[in-house]
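Engineer:
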Amino acid sequence: MHPYVIEPEHIPATDLYADVPLYGRYRPKPGEFSVKPEHIGCHSAESIRYWESVLSLCDESTRIYPADEGGRDVFALGNVIVKSSHLHNTPEIDYSFADANEVQAISIAKGVLGGIRVPEIYFAGKIRGRQVLIQERLPGVALSVAWPYLSGSQKQSFKEQARKILRQLHTIKPFDGRRARSHVVQDPNIFSNGRINPLEGEIILSDINNDADLSFMHNDFTQSNCIVDNDKIVGLIDWEMAGFFGWKTAGEIHRKIRTPQREHFVNASLSEESLQDIMFWNDLYD
2 MHPYVIEPEH
12 IPATDLYADV
22 PLYGRYRPKP
32 GEFSVKPEHI
42 GCHSAESIRY
52 WESVLSLCDE
62 STRIYPADEG
72 GRDVFALGNV
82 IVKSSHLHNT
92 PEIDYSFADA
102 NEVQAISIAK
112 GVLGGIRVPE
122 IYFAGKIRGR
132 QVLIQERLPG
142 VALSVAWPYL
152 SGSQKQSFKE
162 QARKILRQLH
172 TIKPFDGRRA
182 RSHVVQDPNI
192 FSNGRINPLE
202 GEIILSDINN
212 DADLSFMHND
222 FTQSNCIVDN
232 DKIVGLIDWE
242 MAGFFGWKTA
252 GEIHRKIRTP
262 QREHFVNASL
272 SEESLQDIMF
282 WNDLYD
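If you're matching positions, the sequence shown starts at 2 in our numbering and goes up one per residue.
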(Lines of atoms letter the chains of each structure in order from A; the text may use other names.)
(Lines give C-alpha, C1' and ligand atoms only; values in the text may rest on other atoms or scores of the structure.)
Protein backbone atom coordinates (compact mmCIF):
# COMPACT_ATOMS: atom_id res chain seq x y z
CA MET A 2 0.00 0.00 0.00
CA HIS A 3 1.07 3.59 -0.61
CA PRO A 4 2.30 4.90 2.77
CA TYR A 5 0.40 8.18 2.56
CA VAL A 6 -3.07 6.83 1.80
CA ILE A 7 -5.75 8.68 3.77
CA GLU A 8 -9.10 7.34 2.56
CA PRO A 9 -10.52 4.54 4.78
CA GLU A 10 -11.78 2.60 1.76
CA HIS A 11 -8.19 2.22 0.54
CA ILE A 12 -6.81 0.93 3.84
CA PRO A 13 -6.46 -2.88 3.86
CA ALA A 14 -7.95 -4.95 6.66
CA THR A 15 -4.41 -6.04 7.59
CA ASP A 16 -3.37 -2.46 8.41
CA LEU A 17 -2.40 -2.03 12.07
CA TYR A 18 -4.89 0.83 12.40
CA ALA A 19 -7.64 -0.44 10.11
CA ASP A 20 -10.13 -0.46 13.00
CA VAL A 21 -9.36 3.20 13.84
CA PRO A 22 -9.39 4.91 10.42
CA LEU A 23 -9.33 8.40 11.97
CA TYR A 24 -6.05 7.69 13.77
CA GLY A 25 -2.89 9.13 12.25
CA ARG A 26 -4.37 9.89 8.83
CA TYR A 27 -5.93 13.20 7.86
CA ARG A 28 -6.63 15.35 4.83
CA PRO A 29 -8.98 18.37 5.03
CA LYS A 30 -12.40 17.84 3.48
CA PRO A 31 -15.01 20.41 2.39
CA GLY A 32 -17.79 20.82 4.92
CA GLU A 33 -16.04 19.03 7.78
CA PHE A 34 -16.20 20.33 11.33
CA SER A 35 -14.00 23.33 12.09
CA VAL A 36 -13.92 25.68 15.05
CA LYS A 37 -15.49 29.11 14.91
CA PRO A 38 -12.62 31.63 14.79
CA GLU A 39 -14.28 34.08 17.16
CA HIS A 40 -13.97 31.57 20.02
CA ILE A 41 -10.30 30.67 19.55
CA GLY A 42 -8.38 31.38 22.73
CA CYS A 43 -11.46 32.84 24.39
CA HIS A 44 -12.79 31.87 27.84
CA SER A 45 -15.86 34.09 28.03
CA ALA A 46 -19.13 32.53 29.21
CA GLU A 47 -20.37 32.44 25.62
CA SER A 48 -17.18 30.81 24.38
CA ILE A 49 -17.21 28.23 27.17
CA ARG A 50 -20.72 27.27 26.09
CA TYR A 51 -19.41 26.92 22.55
CA TRP A 52 -16.50 24.72 23.66
CA GLU A 53 -18.96 22.62 25.67
CA SER A 54 -20.91 22.05 22.45
CA VAL A 55 -17.70 20.95 20.73
CA LEU A 56 -16.99 18.54 23.58
CA SER A 57 -20.48 17.06 23.23
CA LEU A 58 -19.48 15.86 19.74
CA CYS A 59 -16.60 13.86 21.17
CA ASP A 60 -17.80 10.34 21.83
CA GLU A 61 -16.70 6.77 21.13
CA SER A 62 -17.22 7.25 17.39
CA THR A 63 -14.63 10.03 17.21
CA ARG A 64 -12.22 8.70 19.84
CA ILE A 65 -8.89 7.72 18.32
CA TYR A 66 -6.96 7.00 21.51
CA PRO A 67 -8.59 5.74 24.73
CA ALA A 68 -6.84 6.78 27.92
CA ASP A 69 -6.03 4.81 31.03
CA GLU A 70 -7.81 5.88 34.19
CA GLY A 71 -6.68 9.34 35.20
CA GLY A 72 -5.66 10.22 31.65
CA ARG A 73 -7.39 11.94 28.75
CA ASP A 74 -8.90 10.37 25.66
CA VAL A 75 -7.96 11.82 22.28
CA PHE A 76 -10.67 12.61 19.72
CA ALA A 77 -10.46 13.55 16.05
CA LEU A 78 -13.27 15.89 15.04
CA GLY A 79 -12.99 17.37 11.57
CA ASN A 80 -9.89 19.55 11.55
CA VAL A 81 -9.39 19.54 15.32
CA ILE A 82 -7.93 17.22 17.93
CA VAL A 83 -9.54 17.20 21.38
CA LYS A 84 -7.94 15.85 24.56
CA SER A 85 -10.46 15.33 27.35
CA SER A 86 -11.47 12.90 30.10
CA HIS A 87 -15.17 13.79 30.02
CA LEU A 88 -16.20 10.19 29.19
CA HIS A 89 -14.60 8.95 32.42
CA ASN A 90 -16.09 9.01 35.90
CA THR A 91 -12.81 8.86 37.78
CA PRO A 92 -10.77 11.95 38.70
CA GLU A 93 -8.13 12.98 36.19
CA ILE A 94 -4.50 13.92 36.63
CA ASP A 95 -4.02 17.70 36.64
CA TYR A 96 -3.18 18.52 33.01
CA SER A 97 -3.30 22.30 33.37
CA PHE A 98 0.49 22.57 33.55
CA ALA A 99 0.89 20.11 30.66
CA ASP A 100 -1.38 22.23 28.47
CA ALA A 101 0.35 25.45 29.49
CA ASN A 102 3.66 23.79 28.67
CA GLU A 103 2.39 22.72 25.25
CA VAL A 104 1.18 26.23 24.43
CA GLN A 105 4.50 27.82 25.41
CA ALA A 106 6.65 25.13 23.79
CA ILE A 107 4.84 25.47 20.47
CA SER A 108 5.30 29.22 20.58
CA ILE A 109 9.04 28.76 21.17
CA ALA A 110 9.49 26.10 18.49
CA LYS A 111 7.79 28.09 15.74
CA GLY A 112 10.76 30.41 15.58
CA VAL A 113 13.20 27.78 14.30
CA LEU A 114 11.15 25.11 12.54
CA GLY A 115 10.58 26.91 9.27
CA GLY A 116 8.31 24.79 7.08
CA ILE A 117 7.63 22.16 9.77
CA ARG A 118 4.13 22.81 11.06
CA VAL A 119 3.04 22.73 14.69
CA PRO A 120 -0.61 22.73 15.79
CA GLU A 121 -2.42 25.92 16.67
CA ILE A 122 -3.99 25.74 20.12
CA TYR A 123 -7.66 26.73 19.97
CA PHE A 124 -8.59 26.24 23.63
CA ALA A 125 -6.91 25.12 26.84
CA GLY A 126 -8.88 25.27 30.05
CA LYS A 127 -11.52 23.80 32.31
CA ILE A 128 -14.86 22.55 30.99
CA ARG A 129 -17.19 21.07 33.60
CA GLY A 130 -14.29 20.75 36.00
CA ARG A 131 -12.00 18.84 33.64
CA GLN A 132 -8.95 20.14 31.77
CA VAL A 133 -9.57 20.17 28.01
CA LEU A 134 -7.16 20.87 25.16
CA ILE A 135 -8.48 21.61 21.67
CA GLN A 136 -5.96 22.07 18.90
CA GLU A 137 -5.44 22.03 15.16
CA ARG A 138 -5.28 18.67 13.41
CA LEU A 139 -2.32 18.68 11.06
CA PRO A 140 -2.77 17.19 7.57
CA GLY A 141 -0.69 14.15 6.73
CA VAL A 142 0.05 10.69 8.11
CA ALA A 143 1.71 9.79 11.40
CA LEU A 144 5.11 8.27 10.69
CA SER A 145 4.19 5.29 12.86
CA VAL A 146 1.16 4.64 10.63
CA ALA A 147 3.14 4.96 7.39
CA TRP A 148 6.10 2.92 8.72
CA PRO A 149 5.11 -0.60 7.55
CA TYR A 150 4.83 0.65 3.97
CA LEU A 151 8.17 2.49 3.80
CA SER A 152 11.37 1.25 2.20
CA GLY A 153 14.65 1.13 4.09
CA SER A 154 15.90 4.25 2.32
CA GLN A 155 12.71 6.14 3.16
CA LYS A 156 13.04 5.20 6.84
CA GLN A 157 16.66 6.36 6.90
CA SER A 158 15.67 9.63 5.24
CA PHE A 159 13.04 10.28 7.89
CA LYS A 160 15.59 9.62 10.63
CA GLU A 161 17.97 12.17 9.10
CA GLN A 162 15.14 14.70 8.75
CA ALA A 163 14.22 14.15 12.41
CA ARG A 164 17.82 14.68 13.49
CA LYS A 165 17.90 17.94 11.56
CA ILE A 166 14.77 19.11 13.38
CA LEU A 167 16.30 18.14 16.72
CA ARG A 168 19.40 20.17 15.89
CA GLN A 169 17.22 23.16 15.02
CA LEU A 170 15.40 22.94 18.35
CA HIS A 171 18.72 22.47 20.14
CA THR A 172 19.79 25.97 19.06
CA ILE A 173 17.20 27.45 21.45
CA LYS A 174 18.64 28.30 24.86
CA PRO A 175 16.83 29.28 28.08
CA PHE A 176 15.72 32.89 27.97
CA ASP A 177 14.68 33.37 31.60
CA GLY A 178 17.88 32.66 33.48
CA ARG A 179 16.95 29.13 34.59
CA ARG A 180 19.90 26.97 35.57
CA ALA A 181 18.31 23.55 36.01
CA ARG A 182 16.68 21.09 33.62
CA SER A 183 12.92 21.58 33.50
CA HIS A 184 9.86 21.79 31.32
CA VAL A 185 9.07 25.20 29.84
CA VAL A 186 6.21 25.65 32.32
CA GLN A 187 7.19 23.93 35.52
CA ASP A 188 4.62 21.62 37.14
CA PRO A 189 5.44 21.52 40.87
CA ASN A 190 3.90 18.05 41.20
CA ILE A 191 5.09 16.43 37.97
CA PHE A 192 7.31 13.89 39.70
CA SER A 193 4.50 12.66 41.95
CA ASN A 194 1.20 13.10 40.10
CA GLY A 195 1.62 10.26 37.62
CA ARG A 196 2.15 12.38 34.52
CA ILE A 197 5.59 10.98 33.79
CA ASN A 198 7.42 7.69 34.23
CA PRO A 199 9.37 7.68 37.54
CA LEU A 200 12.52 6.76 35.60
CA GLU A 201 12.13 9.94 33.57
CA GLY A 202 12.10 11.94 36.79
CA GLU A 203 15.26 10.18 37.93
CA ILE A 204 17.02 11.00 34.65
CA ILE A 205 16.02 14.67 34.81
CA LEU A 206 16.93 15.11 38.48
CA SER A 207 19.97 12.80 38.57
CA ASP A 208 22.87 14.09 40.68
CA ILE A 209 25.34 12.34 38.38
CA ASN A 210 23.93 14.06 35.29
CA ASN A 211 26.12 17.17 35.39
CA ASP A 212 25.64 18.07 31.73
CA ALA A 213 25.44 21.87 31.50
CA ASP A 214 23.46 21.76 28.25
CA LEU A 215 19.98 23.21 28.86
CA SER A 216 18.95 23.57 25.24
CA PHE A 217 15.31 23.22 24.20
CA MET A 218 14.12 19.73 23.25
CA HIS A 219 10.77 18.29 22.15
CA ASN A 220 11.40 15.36 24.52
CA ASP A 221 8.81 13.04 22.95
CA PHE A 222 10.13 12.66 19.41
CA THR A 223 8.43 9.35 18.65
CA GLN A 224 7.30 8.20 15.23
CA SER A 225 3.67 8.76 16.23
CA ASN A 226 4.37 12.46 16.84
CA CYS A 227 5.91 13.05 13.40
CA ILE A 228 3.40 13.95 10.69
CA VAL A 229 4.67 13.04 7.22
CA ASP A 230 3.64 13.35 3.59
CA ASN A 231 5.42 12.72 0.29
CA ASP A 232 8.58 11.49 2.06
CA LYS A 233 8.90 14.64 4.19
CA ILE A 234 8.27 15.40 7.85
CA VAL A 235 5.66 18.15 7.55
CA GLY A 236 4.53 18.50 11.16
CA LEU A 237 5.40 17.79 14.78
CA ILE A 238 2.77 17.32 17.49
CA ASP A 239 2.44 16.61 21.24
CA TRP A 240 4.68 19.20 22.87
CA GLU A 241 3.52 18.70 26.46
CA MET A 242 6.84 17.10 27.50
CA ALA A 243 9.06 19.73 25.85
CA GLY A 244 11.53 21.67 27.91
CA PHE A 245 15.07 22.82 28.48
CA PHE A 246 16.74 19.44 28.98
CA GLY A 247 19.67 19.41 26.57
CA TRP A 248 20.63 16.81 23.99
CA LYS A 249 22.15 14.20 26.31
CA THR A 250 19.26 14.11 28.78
CA ALA A 251 16.56 14.07 26.10
CA GLY A 252 18.48 11.31 24.33
CA GLU A 253 18.62 9.17 27.46
CA ILE A 254 14.88 9.62 28.03
CA HIS A 255 14.27 8.73 24.39
CA ARG A 256 16.35 5.54 24.51
CA LYS A 257 15.14 4.28 27.89
CA ILE A 258 11.48 5.37 27.91
CA ARG A 259 10.12 6.61 24.59
CA THR A 260 11.27 3.70 22.41
CA PRO A 261 10.91 -0.12 22.53
CA GLN A 262 13.60 -2.14 24.28
CA ARG A 263 14.97 -5.43 22.98
CA GLU A 264 14.14 -7.20 26.24
CA HIS A 265 10.45 -6.44 25.68
CA PHE A 266 10.44 -8.95 22.81
CA VAL A 267 12.37 -11.86 24.31
CA ASN A 268 9.36 -14.17 24.06
CA ALA A 269 8.02 -12.82 20.77
CA SER A 270 10.04 -15.10 18.46
CA LEU A 271 10.85 -12.23 16.12
CA SER A 272 13.63 -12.28 13.55
CA GLU A 273 16.64 -10.04 14.04
CA GLU A 274 15.51 -8.05 11.01
CA SER A 275 12.12 -7.41 12.62
CA LEU A 276 13.73 -6.41 15.91
CA GLN A 277 16.06 -3.99 14.15
CA ASP A 278 13.08 -2.40 12.42
CA ILE A 279 11.17 -2.06 15.69
CA MET A 280 14.18 -0.39 17.33
CA PHE A 281 15.18 1.67 14.29
CA TRP A 282 14.24 4.96 15.98
CA ASN A 283 16.11 4.25 19.22
CA ASP A 284 19.41 5.83 18.12
CA LEU A 285 17.83 9.10 16.97
CA TYR A 286 20.08 11.18 19.24
CA ASP A 287 23.33 9.30 18.41
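Built from N, CA and C at the ideal position, the CB exists for glycine as well.
Which residues does DSSP pair with C227 in a beta bridge?
Structural biologist: On the sequence shown, residue 227 is found 226 positions in, with the first residue counted as 1. For C227, which the question treats as bridged, DSSP gives the partners L237.
Engineer: Who are the near neighbours of N231 in its chain, counting only those whose CB is closer than 7 angstroms to its CB and skipping five residues on each side?
Structural biologist: Looking up residue 231 in the sequence shown gives position 230. Around N231: Y5.
Engineer: Quick one, which of L114, D95, C59 has its alpha-carbon nearest L88's?
Structural biologist: In the sequence shown, the residue the question calls residue 88 occupies position 87. Nearest to L88 by alpha-carbon distance, out of L114, D95, C59, is C59.
Engineer: Going by the CB atoms, is the gap between D212 and M242 shorter than 8 angstroms?
Structural biologist: Counting from 1 along the sequence shown, the entry for residue 242 is found at position 241. Counting from 1 along the sequence shown, the entry for residue 212 is found at position 211. Here M242 is not near D212, since their CB atoms are 8 angstroms or more apart.
Engineer: Determine the burial state of F217: buried for a count of at least 16 other Cβ atoms within 10 Å of its Cβ, exposed for fewer.
Structural biologist: Translated into the one-based positions of the sequence shown, residue 217 becomes position 216. F217 comes out buried.
Engineer: Does L276 come out as helix, strand or coil in the three-state DSSP assignment?
Structural biologist: Sequence index remark: in the sequence shown, residue 276 carries index 275 (1-based). Residue state, collapsed to three classes: helix.
Engineer: Spatial neighbours of Y51 within its chain, please: C-beta separation below 6 angstroms, excluding the five flanking residues on both sides.
Structural biologist: The residue you call residue 51 lines up with position 50 of the sequence shown. Hits under 6 angstroms: H40.
Engineer: Within the continuous alpha helix (DSSP H) that includes K249, where are the two ends?
Structural biologist: Within the sequence shown, residue 249 is the residue found at index 248, counting from 1. Segment 247–254, the alpha helix (DSSP H) holding K249.
Engineer: Pull up the distance between the alpha-carbon of E253 and that of F281, whole angstroms please.
Structural biologist: One-based indexing of the sequence shown puts residue 253 at position 252. One-based indexing of the sequence shown puts residue 281 at position 280. When rounded, the distance between both Cα atoms is 16 angstroms.
Engineer: How about A143 and C43: do their beta carbons lie closer than 8 angstroms?
Structural biologist: Here residue 143 refers to the residue found at position 142 of the sequence shown. Here residue 43 refers to the residue found at position 42 of the sequence shown. Cβ distance not < 8 angstroms, so A143 and C43 don't count as in contact.
Engineer: Might you give, ordered along the chain, the residues of its own chain that have their beta carbon closer than 7 angstroms to the beta carbon of R28, omitting 5 neighbours on each side?
Structural biologist: Walking along the sequence shown from the start, residue 28 turns up at place 27. Within the same chain, R28 has close Cβ partners I7, P140.
Engineer: Mind checking which residues open and close the beta strand (DSSP E) that includes F124?
Structural biologist: As a first step, residue 124 is located in the sequence shown; it is residue number 123 there, counting from the start. Start and end: 122–128.
Engineer: In the structure shown, what three-state DSSP assignment does S94 receive?
Structural biologist: In the sequence shown, counting from the first residue as 1, residue 94 sits at position 93. The residue you asked about is not Ser; residue 94 is Ile in the sequence shown. Three-state DSSP puts I94 in coil, outside helix and strand.
Engineer: Kindly indicate which three-state DSSP category F159 falls into: helix, strand or coil?
Structural biologist: Translated into the one-based positions of the sequence shown, residue 159 becomes position 158. Under the three-state reduction of DSSP output, F159 falls in the helix class.
Engineer: From the DSSP secondary-structure annotation, give me the bridge partner or partners of H184.
Structural biologist: Within the sequence shown, numbered from 1, the residue matching residue 184 stands at position 183. Note: H184 sits in a beta bridge opposite G244.
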